[in-house]
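A short write-up of the structure that comes next.
Numbering (our numbering), first residue to last: 33 to 308.
Quick look at the structure:
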């Protein structure tokens, strides 16, 4: 079995046109992937990135796919299979955030869109690719699911986003356990749970105490290396683990006081503006 999961692999990345998606694509090309499939709703930006990456000699293809729609996921994957074959590595990177009180969320534009893009899209795509991955034990297969520290702790003004990431974590971990239980050890699932990253998506958000806002380059490097190793969960920075531990052992009211007045977790989204 090939040791490096990326060498000669077909890598499929959602939300690939910019930000962390672009950085994952550049890492795939640098690691000598056979081909890279860029999925994004912004076809122009993805096409510009593909033109740049294709200079390396790697076959980089663009697919305009709205991952909030299951039918587009199915048709997009059908096109990828016809052009390049079955994906060996899938990075479920696409995501959106809405930062406001729950009652200010529009049921369709905010609640449904967030759940579809952040959670259901990853489920749908993974469901479509897993049979091929399971059927091919000749090389390692990888699935990297981009969750969030928001999926480990409740936070004001993040109710729907947090819900989408809590669901992502629970689903991702369950799939990992199911694959192991059924003897499909060549397929490994990694869940990445970062705190705030300076991609513009969380513009205005403030990092809690001892929790610096990570650069996209650092975040993608950590997630990428965890995926290569098949690490089940990658949590960064270290305060994410600390907060999870304290929330688990402290009474709820005690944690509320600590999170609000000491760590400043509960006020981290007070000045959130997001990407325009």
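C-beta atoms are modelled at their ideal positions from N, C-alpha and C, and glycine is treated no differently.
Where does residue 96 fall in DSSP's three states?
Residue 96 sits at position 64 when you count from the first residue of the chain shown. Three-state DSSP puts residue 96 in a strand.
Can you find at least 3 beta carbon pairs, one from the stretch 206-217 and one from the stretch 293-303, that sit closer than 8 Å?
no
Using the Cβ count rule (16 or more neighbours within 10 Å means buried), how would you classify residue 103?
Mapped onto the chain shown, residue 103 falls at position 71. Result: exposed.
Which residues in the same chain as residue 134 place their Cβ atom closer than 8 Å to its Cβ, once the five residues preceding and following it in sequence are excluded?
Translated into positions along the chain shown, residue 134 becomes position 102. Closer than 8 Å at the Cβ level, and outside the excluded window around residue 134, lie 191 and 192.
Straight-line CA distance for residue 46 to residue 260?
Looking up residue 46 in the chain shown gives position 14. Looking up residue 260 in the chain shown gives position 228. Cα to Cα, the separation comes out at about 18 Å.
Three-state secondary structure assigned by DSSP to residue 58
Here residue 58 is taken as the residue at index 26 of the chain shown, counted from 1. It is helical.
Backbone secondary structure at residue 297 - three-state DSSP:
In the chain shown, counting from the first residue as 1, residue 297 sits at position 265. Helix.
What is the rounded straight-line gap between the Cα of residue 149 and the Cα of residue 141?
Taking the chain shown and counting its residues from 1, one reaches residue 149 at position 117. Taking the chain shown and counting its residues from 1, one reaches residue 141 at position 109. Looking at the two C-alpha atoms, the distance is approximately 11 Å.
Return helix, strand or coil for residue 139, following the three-state DSSP convention.
Taking the first residue of the chain shown as position 1, residue 139 is located at position 107. It is helical.
Residue environment, residue 172, which counts as buried when at least 16 other CB atoms sit within 10 Å:
As a first step, residue 172 must be located in the chain shown, where it is residue number 140. Buried, by the Cβ-count rule.
Classify residue 129: buried if its beta carbon has 16 or more other beta carbons within 10 angstroms, exposed otherwise.
Here residue 129 refers to the residue found at position 97 of the chain shown. The residue is buried, with at least 16 neighbouring Cβ atoms inside 10 Å.
Over the uninterrupted beta strand (DSSP E) stretch that includes residue 128, give me the two end residues.
For the purposes of this step, residue 128 is identified with residue 96 of the chain shown, where counting begins at 1. First-last for residue 128: undefined, no H or E at that position.
For residue 116, the first and last residue of its enclosing alpha helix (DSSP H)
One-based indexing of the chain shown puts residue 116 at position 84. 102-116 is the extent of the alpha helix (DSSP H) around residue 116.
Per DSSP, the bridge partner or partners of residue 220:
By 1-based counting over the chain shown, the position of residue 220 is 188. Its beta-bridge partners are 174.
In the DSSP output, what is residue 265 paired with across the bridge?
Taking the chain shown and counting its residues from 1, the one referred to as residue 265 is at position 233. Residue 265 pairs with 223.
Straight-line CA distance for residue 107 to residue 294?
Translated into positions along the chain shown, residue 107 becomes position 75. Translated into positions along the chain shown, residue 294 becomes position 262. So the alpha carbons of these two residues sit roughly 49 Å apart.
Keeping to the same chain, check which residues put their C-beta closer than 7 Å to that of residue 154; ignore five residues upstream and five downstream.
Walking along the chain shown from the start, residue 154 turns up at place 122. Cβ neighbours of residue 154 beyond the five flanking positions: 124, 177 and 200.
Which listed residue (285, 263, 290 and 264) has its alpha carbon closest to that of residue 275
Within the chain shown, the letter at position 243 stands for residue 275. Of 285, 263, 290 and 264, the residue nearest in Cα terms is 290.
Is residue 34 helix, strand or coil by DSSP?
If you number the chain shown from 1, residue 34 lands on position 2. With a pLDDT of 46 at residue 34, under the threshold of 50, the modelled position of that residue is not reliable, and no figure is offered here.
Contacting residues, own chain, Cβ-Cβ under 7 Å from residue 258 (five flanking each side not counted)
As a first step, residue 258 must be located in the chain shown, where it is residue number 226. Excluding positions up to five away in sequence, the list reads 222, 224 and 266.
For residue 286, three-class secondary structure by DSSP
Position 254 of the chain shown, counting from 1, holds the residue named residue 286. The answer is helix: DSSP assigns residue 286 an H, G or I state.
Taking just the CA atoms, how far does residue 145 sit from residue 70?
Along the chain shown, one-based indexing puts residue 70 at 38. Along the chain shown, one-based indexing puts residue 145 at 113. Cα-Cα distance, rounded: 21 Å.
Leaving out five residues on either side along the sequence, give the residues of the same chain with a beta carbon under 7 Å from the beta carbon of residue 287.
As a position in the chain shown, residue 287 is number 255, starting the count at 1. For residue 287, where only same-chain residues beyond five positions count, the Cβ hits under 7 Å are 278 and 279.
With 16 other CB atoms within 10 Å as the buried threshold, where does residue 114 fall?
Here residue 114 refers to the residue found at position 82 when the chain shown is read from its first residue. The residue is exposed, with fewer than 16 neighbouring Cβ atoms inside 10 Å.
Check whether the Cβ atoms of residue 49 and residue 84 lie closer than 9 Å to each other.
If you number the chain shown from 1, residue 49 lands on position 17. If you number the chain shown from 1, residue 84 lands on position 52. No, they are not a contact pair.
Tell me the rounded alpha-carbon separation between residue 33 and residue 255.
As a working mapping, residue 33 is identified with position 1 in the chain shown. As a working mapping, residue 255 is identified with position 223 in the chain shown. Confidence at residue 33 is low in this model, with a pLDDT of 44, below 50, so the placement of that residue is unreliable and no value is reported for it.
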